[in-house]
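Novice: Heads up, the final residue of the sequence shown is numbered 1179 in my numbering, and it's a clean run with no missing numbers.
Quick reminder that beta carbons are idealized off the backbone N, C-alpha and C, glycines included.
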Amino acid sequence: MINFNKNVQKSLQKNCPKKGLNRQVVIDISEKKNEPGWMTDFRLNALDIFERKPMPSWGPDLSGLDHE
């Protein structure tokens, strides 16, 4: 049972993207999904737009939110 758990854990670590949201994570996920280049470009453009957006001033305080 212990070996099984270690094997599953290693497999998950190998197949899961790194934490956070940045260009490299988007590229890694896109490559893992075998997406065409235009889809990767679309996702990277969406990430650029997201990163330029200011934090909302309404609602709870999100200043401590770490996207990485």
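The alpha helix (DSSP H) with TRP1149 in it runs from where to where?
Specialist: Run containing TRP1149: 1148-1163, per the alpha helix (DSSP H) assignment.
Novice: Over the uninterrupted alpha helix (DSSP H) stretch that includes ASP1172, give me the two end residues.
Specialist: Taken as a continuous stretch (DSSP letters only), ASP1172 belongs to no alpha helix (DSSP H), as it is neither H nor E.
Novice: Using only alpha-carbon positions, find the residue among ASP1159, SER1174 and ILE1160 that is nearest to MET1166.
Specialist: It is SER1174.
Novice: Measuring CB to CB, does ARG1163 end up less than 8 angstroms from VAL1137?
Specialist: For ARG1163 and VAL1137, no; Cβs fall outside 8 angstroms.
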